[in-house]
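Numbering (this note's numbering), first residue to last: 3 to 133.
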């Protein structure tokens, strides 16, 4: 009986670890591609003004985030050399993007069409759509 119990525990733990690693891979695959900035949103209890959101939305209009296997790129849709930034990244704990420049970004939501990101040290959440 003890032997059967041990085998069952090993099988459950093995299955759980395979499921978790498969989920992380699916999430990374969803992240890959081009994402166009749509808007910023603020938490309901935020003291940040609508003016700040409007200014930020104008600033990031037409910004594209591109995620390839290990590289992150940010650029403007219609050019603008100040926006061309490239760096390496890694997905951490299936919910954070760690850029090699030290910035950490939390993935608040991700599906095939929508990406919501929260940059540490910032207040708004950026919403992007897949292009």
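Beta carbons are placed, not taken as given, at the ideal position from N, Cα and C, and that holds for glycine.
| Asked | Found |
| --- | --- |
| Which value, in whole angstroms, describes the spacing of the CA atoms of residue 55 and residue 40? | 12 Å |
| Alpha carbon to alpha carbon, what distance is there between residue 121 and residue 106? | 6 Å |
| Between which residues of its own chain and residue 59 is the CB-CB distance below 8 Å, once the five residues before and five after are set aside? | 41, 42 |
| Do residue 33 and residue 74 come within 7 Å of each other at the CB atom, strictly closer than that value? | no |
| Once you ignore the five residues that flank residue 44 on each side, which residues in its own chain have a CB closer than 8 Å to its CB? | 50, 55, 125, 126, 127 |
| On the criterion of 16 or more Cβ atoms from any shown chain inside 10 Å, does residue 77 qualify as buried, or is it exposed? | buried |
| For residue 133, count neighbouring C-beta atoms within 10 Å of its own C-beta (all shown protein chains included) and say buried if the count is 16 or more, exposed if not. | exposed |
| Taking only three categories from DSSP, how would you classify residue 113? | coil |
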